[in-house]
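A quick write-up on the structure given underneath.
Protein chains: 2
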Amino acid sequence: MTDVVTPPTSPVSRERSKEIKRLSVISAARQVRVLSRAELTELTGLSPATLTPLVRDLIAEGYLIERGPGASRAGRPRAMLEFNPRAELVAAVSLEPARISCEIADSDGGVVAHRTVRLIGDIVDLICTAVPDLAGDGLPALRGVAIAAPGVSSGGAVRLAPSVGLVEGRPIGESVRQRLGVPVVVDNDVNLMAAGEHAAGAGTDVADLLLLHVADGIGAGLVLDGQVRRGSGGAAGEVGFLPLDPADRGHDGIGPFEARWSESAIAEKVVSLAPGRRPESPVRALVGLAAADDLAAAYLDEVLAAWSRLIVSCACVVDPGRVLLSGAAAELDDAAVDRLQALVSAAAPSPTEVRRAVLGDRAVLHGAVSYALSAAAAGLSTLLPAP
Amino acid sequence: MTDVVTPPTSPVSRERSKEIKRLSVISAARQVRVLSRAELTELTGLSPATLTPLVRDLIAEGYLIERGPGASRAGRPRAMLEFNPRAELVAAVSLEPARISCEIADSDGGVVAHRTVRLIGDIVDLICTAVPDLAGDGLPALRGVAIAAPGVSSGGAVRLAPSVGLVEGRPIGESVRQRLGVPVVVDNDVNLMAAGEHAAGAGTDVADLLLLHVADGIGAGLVLDGQVRRGSGGAAGEVGFLPLDPADRGHDGIGPFEARWSESAIAEKVVSLAPGRRPESPVRALVGLAAADDLAAAYLDEVLAAWSRLIVSCACVVDPGRVLLSGAAAELDDAAVDRLQALVSAAAPSPTEVRRAVLGDRAVLHGAVSYALSAAAAGLSTLLPAP
DNA sequence: CACACTTCCTTCCTACGGCGAACGAATTAT
DNA sequence: ATAATTCGTTCGCCGTAGGAAGGAAGTGTG
Chain A
7 MTDVVTPPTS PVSRERSKEI KRLSVISAAR QVRVLSRAEL TELTGLSPAT
57 LTPLVRDLIA EGYLIERGPG ASRAGRPRAM LEFNPRAELV AAVSLEPARI
107 SCEIADSDGG VVAHRTVRLI GDIVDLICTA VPDLAGDGLP ALRGVAIAAP
157 GVSSGGAVRL APSVGLVEGR PIGESVRQRL GVPVVVDNDV NLMAAGEHAA
207 GAGTDVADLL LLHVADGIGA GLVLDGQVRR GSGGAAGEVG FLPLDPADRG
257 HDGIGPFEAR WSESAIAEKV VSLAPGRRPE SPVRALVGLA AADDLAAAYL
307 DEVLAAWSRL IVSCACVVDP GRVLLSGAAA ELDDAAVDRL QALVSAAAPS
357 PTEVRRAVLG DRAVLHGAVS YALSAAAAGL STLLPAP
Chain B
7 MTDVVTPPTS PVSRERSKEI KRLSVISAAR QVRVLSRAEL TELTGLSPAT
57 LTPLVRDLIA EGYLIERGPG ASRAGRPRAM LEFNPRAELV AAVSLEPARI
107 SCEIADSDGG VVAHRTVRLI GDIVDLICTA VPDLAGDGLP ALRGVAIAAP
157 GVSSGGAVRL APSVGLVEGR PIGESVRQRL GVPVVVDNDV NLMAAGEHAA
207 GAGTDVADLL LLHVADGIGA GLVLDGQVRR GSGGAAGEVG FLPLDPADRG
257 HDGIGPFEAR WSESAIAEKV VSLAPGRRPE SPVRALVGLA AADDLAAAYL
307 DEVLAAWSRL IVSCACVVDP GRVLLSGAAA ELDDAAVDRL QALVSAAAPS
357 PTEVRRAVLG DRAVLHGAVS YALSAAAAGL STLLPAP
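For the protein sequence lines, the chains are A and B, in the order given. Residue numbers are given in our numbering: position 120 of the first sequence equals residue 126, and the series is strictly consecutive. Residue numbers are given in our numbering: position 331 of the second sequence equals residue 337, and the series is strictly consecutive.
Dropping the structure here:
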């Protein structure tokens, strides 16, 4: 095999510094979208002389596109450069119980291609054929693949996703990486949602946030200092296991808290309050019922109180500053969110803002894009010597 | 003032790459302690030709000391270089109710000088005279100051330390920085303990840990991915506020959990179990009593159960993998720690190791040293372009 | 003891990249 | 038209990285 022992290369080799400059320019262009070389010198600190050949390369590689001359009030007009998000594509694969959904996105998170495949045969095979197929002639631009798996993706075997035939998170990622030759990240779907909201949703303006996702279970994704934190065993955010009431008991893989306050648990109660079929959106249904029915209103209060204690617990441990409600929790109406906020503010040791997540289903995709893009840039992280 | 707007300098200026190489060599030398230039080429990847002048500089500056030739089985013996920890000194200042204790340490955490001063007059004045005085002729080597303050050091005004006359954490740090001209870090003492145990105590082998400090209040220090995490408002680790029992109530600045399970709360109960003066170490006393007294044993069980639920809560949110017991919690005997471990393992969603912290009083100092050293190296962190 | 051999460190030298400076280009103001 | 102004490029200097060669200081072998 090509199992060459990596020779400890110089920390400041020429290629590295070149790569740093490239990324410096690309990152500036990604933010500003359309700019001139003159603006690049201001933003990156690189001299015009350095930029000339660098920009030439980037245009040749498709990262930048030359547009016409821009406006000028005096002097030579600036030749505008437009950032081309399609120069780097990423694949986001979401594993669901009976199918996988696969999307190719540009580096803005814009979906270039999309497909849903039924889960037949080997997952790795499926991914490794679907992704190149979808990417088509854009394949050379593929920079990374992010795979979202339900449940804990590594360690903490409790809630590992058996539904999709995952025995272990790792092998899939590694196999796909070898077959496709690009960085692959496998993670919990909730973590990806948190990353997505941080990158492109309700958390772009903060460095720390906690996304609380209520579904059949309850999980949280944690972003601290701009990075998703998974904890030592990848089980960070398993807030469904919080022991917030001595009376609650979990059972085989279900935590004590989520046993009572997850979407499914709420659904049961809602059915008992308003007999009939299990509603599609139990929380929304409960909010509706609560307007007219005192018992429903009382139960909604209970739910909000329970969730608020969950949020306060997280605030005590990590102080995320902002909590995003996702999944069933995002179905609360404004009044309910306000009450939740009030409950949290009353008990949390530091200001904690509660609001709904905004990306919904697309959060995972955006998270995957952000993962894949940062995985592509991760080569840089080995640049600095360990302190 | 010299309030020059920092010109956006090139991300790869010459000084920077030079600095990177220097730090690369220093960091290798710090780890290996005694090594030759040949080893340095292997460790850093720098070419011998690059190393020669660099090492010359470092010797001149005192970072490295030339020792005699080392052993050689064939060929020219390697000229050994020894890392000199005293080339960089840091000051660790710990603010206590009525006094400040001030220590000068080398970069190994070895104490070079030590003094305790009564708290008279302005704190900043006190620090800015004591530190240079202690450092003496080593002052040029002073690389940073870390100040440990009880309570929350910024934001979350609830438990800000009024006892030491701190109005706000920030001004002190900034004032000292301006007067002494070196980086200054001000932080919660518990955070510093966590950093200390991570750098030199019971957490050197892991990247994540949580230090649980039980005293008059209960606080935790959180290290994730090798860094102390303070959360958005600096209130991460305020676990005394965890709402783990609906019956518990906190009051003015005291959290509901710590109101019942802190060292002071336990002390009261111990006094009622064994009338007399409040024991010096209530937890140790309780452990002792429990051996003979059934009521005490039962209460000890309660304490362990409560603490275990606290630890489990932290495990659910951040999955630290290892929890270190500090302060009064470190007074548990082995049997009690084992029982605590068992309770935690039964309820935590992922493996969580419970053990005692090992540095005791010296944890803050080691934490301060590690802070100050990384603050000195922090100039590097601005090197990479934001992704 | 002389000689080869090995390993380590240094010095010399070359190539290359960053950036200052001068220059050409393209437009507005007068 | 001409000046003024701003942009972008080319030129060339300088400093640094690192290859190559050579000196230095030992060990093994005839």
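All residues carry an ideal CB built from backbone N, CA and C; glycine is no exception.
#1: Pairing CB atoms from the segment 34 to 49 of chain B with CB atoms from the segment 87 to 95 of chain B, are three or more of them under 8 Å?
#2: Would you list the one or two residues that DSSP bridges to A93/B?
#3: Helix, strand or coil: which one does DSSP assign to I71/B?
#4: Assign K27/A to one of two classes, buried (16 or more other C-beta atoms within 10 Å of its C-beta) or exposed (fewer than that).
#5: I need the DSSP call for S33/B, collapsed to helix, strand or coil.
#6: Would you decide whether I126/B is buried or exposed? Buried here means 16 or more other CB atoms lie within 10 Å of its CB.
#7: Rounded to a whole number of angstroms, what is the C-alpha to C-alpha distance between V118/B and T135/B?
#8: Hey, C320/A and V360/B: beta-carbon distance below 7 Å or not?
#9: Is D299/A helix, strand or coil when you go by DSSP?
#10: What residues match up with G150/A in a beta bridge as DSSP calls it?
#11: Taking DSSP as the reference, what is the three-state secondary structure of I178/B?
#12: For E25/B, decide whether its Cβ has a neighbour in chain A, counting only Cβ atoms nearer than 7 Å.
#13: A298/B CB to nearest chain A CB: under 7 Å?
#14: Got a sec? Which residues, its chain only, sit under 6 Å from L230/A by beta carbon, not counting five neighbours each side?
#15: Determine the burial state of P266/A: buried for a count of at least 16 other Cβ atoms within 10 Å of its Cβ, exposed for fewer.
#16: Residues of the segment 306 to 329 of chain A in Cβ contact with chain B at a cutoff of 8 Å, in chain order, please.
#17: CA-CA distance, A206/A and A34/A?
#18: Could you check the C-alpha separation between L52/B and E45/B for me, to the nearest Å?
#19: Below 9 Å on C-beta distance, what does A111/A contact in chain B?
#20: If we cut at 7 Å on Cβ distances, does D131/B have a partner in chain A?
#21: What is the DSSP secondary structure of R39/B, reduced to helix, strand or coil?
#22: Buried or exposed: where does S100/A fall if 16 or more other Cβ atoms within 10 Å of its Cβ makes it buried?
#23: Closer than 8 Å by C-beta to P189/B: which residues in its own chain qualify, once you throw out the five before and the five after it? Chain order, please.
#24: Could you tell me if L301/A is buried or exposed, where buried requires 16 or more neighbouring beta carbons within 10 angstroms of its beta carbon?
#25: Could you pull out every residue in the same chain whose Cβ sits closer than 8 Å to the Cβ of T56/A, ignoring the five residues on either side in sequence?
#26: Quick one: which chain B residues come within Cβ less than 8 Å of E337/A?
#27: Rounding to the nearest angstrom, what Cα-Cα distance links R284/A and K24/A in this structure?
#28: Measuring from the CB of G127/B, is there a heavy atom of the ligand ZN at a distance below 6 Å?
#29: Can you tell me whether D128/A is buried or exposed, with buried defined as 16 or more other CB within 10 angstroms of its CB?
#30: If you measure between the beta carbons of A201/B and V234/B, is that distance less than 7 Å?
#31: Where does D307/A fall in DSSP's three states?
#32: If you draw a straight line from the alpha carbon of A296/A to that of L331/A, how long is it in whole angstroms?
#33: In or out: D211/B buried (at least 16 other Cβ within 10 Å) or exposed?
#34: Can you tell me whether V401/A is helix, strand or coil according to DSSP?
#35: Could you check whether the segment 331 to 345 of chain B touches the segment 362 to 377 of chain B, counting it as contact only if at least three pairs of C-beta atoms, one from each stretch, sit closer than 8 Å?
#36: Closer than 7 Å, CB to CB, is D214/A near chain B or not?
Quick look at the numbers:
#1: yes
#2: Taking the first residue of the second sequence as position 1, residue 93/B is located at position 87. Bridge partners of A93/B: none, in fact.
#3: On the second sequence, position 65 is the one that residue 71/B refers to. Three-state DSSP puts I71/B in a strand.
#4: If you number the first sequence from 1, residue 27/A lands on position 21. K27/A should be labelled buried.
#5: Taking the first residue of the second sequence as position 1, residue 33/B is located at position 27. It is helical.
#6: Translated into positions along the second sequence, residue 126/B becomes position 120. Burial call: exposed.
#7: In the second sequence, counting from the first residue as 1, residue 118/B sits at position 112. In the second sequence, counting from the first residue as 1, residue 135/B sits at position 129. Looking at the two C-alpha atoms, the distance is approximately 17 Å.
#8: Residue 320/A sits at position 314 when you count from the first residue of the first sequence. Residue 360/B sits at position 354 when you count from the first residue of the second sequence. Taking 7 Å as the Cβ cut-off, C320/A and V360/B do not qualify as a contacting pair.
#9: Taking the first residue of the first sequence as 1, we reach residue 299/A at position 293. Residue state, collapsed to three classes: coil.
#10: Residue numbering aside, residue 150/A sits at position 144 when the first sequence is read from its first letter. Looking at the DSSP assignment, G150/A forms a beta bridge with V96/A.
#11: Residue mapping note: residue 178/B aligns to position 172 of the second sequence, counting from 1. Reduced to three states, the DSSP call for I178/B is helix.
#12: For this step, residue 25/B is matched to residue 19 along the second sequence. It does not; no Cβ of chain A falls within 7 Å.
#13: Counting from one through the second sequence, the residue named residue 298/B turns up at place 292. Not closer than 7 Å to any Cβ of chain A, the Cβ of A298/B fails to qualify, so no.
#14: For the purposes of this step, residue 230/A is identified with residue 224 of the first sequence, where counting begins at 1. Only D214 meet the Cβ criterion.
#15: One-based indexing of the first sequence puts residue 266/A at position 260. According to the sequence shown, residue 266/A is Arg rather than Pro. Its Cβ being crowded by 16 or more others within 10 Å, R266/A is buried.
#16: R315, V318, S319, C320, A321, C322, V323, V324, D325, P326, G327 and R328
#17: Position 200 of the first sequence, counted from the start, is the residue given in the question as residue 206/A. Position 28 of the first sequence, counted from the start, is the residue given in the question as residue 34/A. Distance between the alpha carbons of A206/A and A34/A is about 17 Å.
#18: As a first step, residue 52/B must be located in the second sequence, where it is residue number 46. As a first step, residue 45/B must be located in the second sequence, where it is residue number 39. The straight-line gap from Cα to Cα measures roughly 10 Å.
#19: Your numbering for residue 111/A matches position 105 in the first sequence. The premise fails here: A111/A is roughly 16 Å from chain B at the closest Cβ pair, so nothing lies under 9 Å.
#20: Within the second sequence, numbered from 1, the residue matching residue 131/B stands at position 125. False, the Cβ-Cβ gap to chain A never drops below 7 Å.
#21: For the purposes of this step, residue 39/B is taken as the residue at position 33 of the second sequence. Coil.
#22: By 1-based counting over the first sequence, the position of residue 100/A is 94. When all chains shown are included, S100/A counts as buried.
#23: Start at 1 with the first residue of the second sequence, and residue 189/B comes out as number 183. Taken in chain order, the residues that qualify are R149, G150, V151, R183, A378, A381, A382 and A384.
#24: Counting from one through the first sequence, the residue named residue 301/A turns up at place 295. Exposed: under 16 other Cβ atoms inside 10 Å.
#25: One-based indexing of the first sequence puts residue 56/A at position 50. Closer than 8 Å at the Cβ level, and outside the excluded window around T56/A, lie K27.
#26: To locate residue 337/A, count along the first sequence from 1; it is residue 331. By Cβ distance, chain B contributes nothing, its closest Cβ being about 24 Å from E337/A, past 8 Å.
#27: Counted from its first residue, the first sequence places residue 284/A at position 278. Counted from its first residue, the first sequence places residue 24/A at position 18. Rounded to whole angstroms, R284/A to K24/A spans 59 Å at the Cα level.
#28: This structure simply doesn't include the ligand ZN, nor any ligand for that matter.
#29: Mapped onto the first sequence, residue 128/A falls at position 122. Counting Cβ neighbours within 10 Å, D128/A comes out exposed, since fewer than 16 surround it.
#30: Locating residue 201/B in the second sequence gives position 195, counting from the first residue. Locating residue 234/B in the second sequence gives position 228, counting from the first residue. Yes, they are a contact pair.
#31: Looking up residue 307/A in the first sequence gives position 301. Residue state, collapsed to three classes: helix.
#32: Within the first sequence, numbered from 1, the residue matching residue 296/A stands at position 290. Within the first sequence, numbered from 1, the residue matching residue 331/A stands at position 325. Between A296/A and L331/A, the C-alpha separation is close to 20 Å.
#33: Counted from its first residue, the second sequence places residue 211/B at position 205. By the neighbour-count rule (16 or more Cβ atoms within 10 Å), D211/B is not buried but exposed.
#34: Residue 401/A is absent from the model: chain A starts at 7 and stops at 393.
#35: yes
#36: As a working mapping, residue 214/A is identified with position 208 in the first sequence. Chain B, which has a Cβ nearer than 7 Å to the Cβ of D214/A, makes this yes.
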